[in-house]
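A short worksheet on the structure shown next.
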Ligand code: BGC
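In the numbering used here, the protein residues as written are 1 to 322.
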C-alpha cells in the first residue's frame, strides 16, 4: 500500500463532510458531522481532527498511509499561505491559519482550498466535467461559490480568489451582501436568497400562497418557493424565473470572460434538476450573443455532495506531489 490515500474535507456552515479517497481518486469511506460553527474556530478544528481519526479507522488505514488532507473551506483565502481570510458563514473565522493549525493537530500535511474550487475540481476529475478541458462551476447553496478549471488546471488567480462568482455584481446598489458589497449574485440567486426575496416581497404587500408561512416566521426554503411556483403561485413563479435569469446573466458574462467548454450548476438549488436547468438555458439563449458559435454547454453536476471531498482529496494529492 502506498502513502497516496488522501482525505478530503468539505467544511460548511452546517455540516463538515469528510471522505477517504483511494490512490486512483475513488471516494471510499465518508462521514458527515454537524459543524457546530457557533463553538468557534478551535472547536470546529477539533471536530475536523476527530473526523479524520474516525475516517482513518473506518478505512482501516494508519495515518502513515495517508498522503495528506485537503480541506475545502468557504470564503476568500490564501491557498498559498493556508489562511482563511474571512468565511461569512463561519462566525469568528477571520484570518485563520488553518493549514498550520490543523496540520499540527492531526500530524499530517494539509492543503487548503476554497470549497467551490474543490467541488469544481471534483466534478472535473470524476463528474460532469470528466470529458472536457475547461469548465466553470457554480455552487448554489447558502452562498454562491465558483470554481474555474482551464486546460485541466484549477485557476486560482494571482491572489488565490479567482472564481468568487457569487460576488459578481449583478444589480448596481442592490441587496446588501455580508461581504460588504451590494448587489452580489449570491444575494439574488443562492438557495437562501430565493426564499429571502420571496419573504421580502410578501412583507412588502405582494400576495402569495406562502404568505401565512412568511408572516408566522416559519422556516422555508427554495424548495417551497419552487413547489408554490409549480402549484400556480404567481409571485413564487416570478421569483424562480428571475433567479434563473440572474444565473443566466452571470453565465453570459462568464462565457465572454473565459470561453469555457462547460458550465456546471451544483449545490442545493441544482436539486431542482430540469426546473433549474431548462429556464437557465432558455434565458441564456435569449440574453447571449449569436454572432459566434462559442456558447458553453450548461449542465447539472453529477457528484452531488461528494464533489467537494473528491476534489479536496485530489488537490491535496496534487499539491503534495503524490
Ligand atoms: C464565498 C465563497 C464560497 C461560497 C460558498 C461565498 O459567499 O465568498 O468563497 O465558495 O460562498 O460557500
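From the three backbone atoms N, C-alpha and C, an ideal C-beta is built for every residue, glycine too. Owing to the predicted nature of the structure, the values given are computational and were not obtained by experimental measurement.
Cβ-heavy atom distance, residue i to the ligand BGC, below 7 angstroms
| i | result |
| --- | --- |
| residue 170 | no |
| residue 196 | no |
| residue 114 | yes |
| residue 33 | no |
| residue 148 | no |
| residue 319 | no |
| residue 139 | yes |
| residue 79 | no |
| residue 167 | yes |
| residue 91 | no |
| residue 311 | no |
Environment of residue i [buried if 16+ CB atoms lie within 10 Å]
| i | result |
| --- | --- |
| residue 233 | buried |
| residue 1 | Unreliable positioning characterises residue 1 in this predicted model, as indicated by a pLDDT of 46, which lies under 50. The coordinate reading is nonetheless provided below. So residue 1 counts as exposed. |
| residue 55 | buried |
| residue 107 | exposed |
| residue 102 | buried |
CB contact flag (residue i, residue j, <8 angstroms)
| i | j | result |
| --- | --- | --- |
| residue 115 | residue 221 | no |
| residue 149 | residue 120 | yes |
| residue 20 | residue 92 | no |
| residue 293 | residue 263 | no |
| residue 75 | residue 88 | yes |
| residue 266 | residue 139 | yes |
CB-CB length for residue i against residue j, believed under 8 angstroms
| i | j | result |
| --- | --- | --- |
| residue 303 | residue 123 | 6 angstroms |
| residue 154 | residue 145 | With a Cβ gap of about 13 angstroms, residue 154 and residue 145 do not count as contacting. |
First and last residue of the uninterrupted alpha helix (DSSP H) at residue i
| i | result |
| --- | --- |
| residue 234 | 234–258 |
| residue 125 | 115–126 |
| residue 58 | 41–58 |
| residue 85 | Premise fails: residue 85 lies in the beta strand (DSSP E), 83–86, not in any alpha helix (DSSP H). |
| residue 103 | 98–106 |
| residue 223 | 222–230 |
| residue 317 | 307–319 |
For residue i, the first and last residue of its enclosing beta strand (DSSP E)
| i | result |
| --- | --- |
| residue 132 | Taken as a continuous stretch (DSSP letters only), residue 132 belongs to no beta strand (DSSP E), as it is neither H nor E. |
| residue 11 | 5–11 |
| residue 299 | 297–300 |
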